[in-house]
Amino acid sequence: MLQSRESLNVEETTLVNIQPVGRYGLTPIWEDGHKTGIYTYEKLRALCECDECRKSKR
Ligand SMILES: [Zn+2]
């Protein structure tokens, strides 16, 4: 789901926690304290490339 970019440092790419947001998504909390951004389950499903999710998209 997350692509590594060379411009991000270790703190920015270390996931320390995941908070549920209501019933519709998750907010990842990074080691640098950055916790903006909500990943809705819908969006995570859309990004997921496992067989199950790919099948349900078509
Ligand atoms: Zn999946």
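Just so we're aligned: -3 in this note's numbering is position 13 of the sequence shown, and the numbers increase by one with no gaps anywhere.
Don't be surprised by glycine CBs; every beta carbon is placed ideally from N, CA and C.
Inset, instruction - Identify every residue that forms a DSSP beta bridge with residue 10. - result: DSSP, once it has assigned bridges, lists 4 and 23 as partnering residue 10.
Inset, instruction - Confirm, please, whether the CB-CB distance from residue 11 to residue 4 is below 9 Å. - result: Yes, the pair counts as a contact, with Cβ atoms nearer than the cut-off.
Legend entry - C-alpha distance - residue 0 paired with residue 41, whole-angstrom precision: 30 Å
Legend entry - 8 Å Cβ shell around residue 34 - same chain, five flanking residues per side excluded: none
Inset, instruction - Can you give me the start and stop residues for the alpha helix (DSSP H) that residue 35 sits inside? - result: 35 to 41
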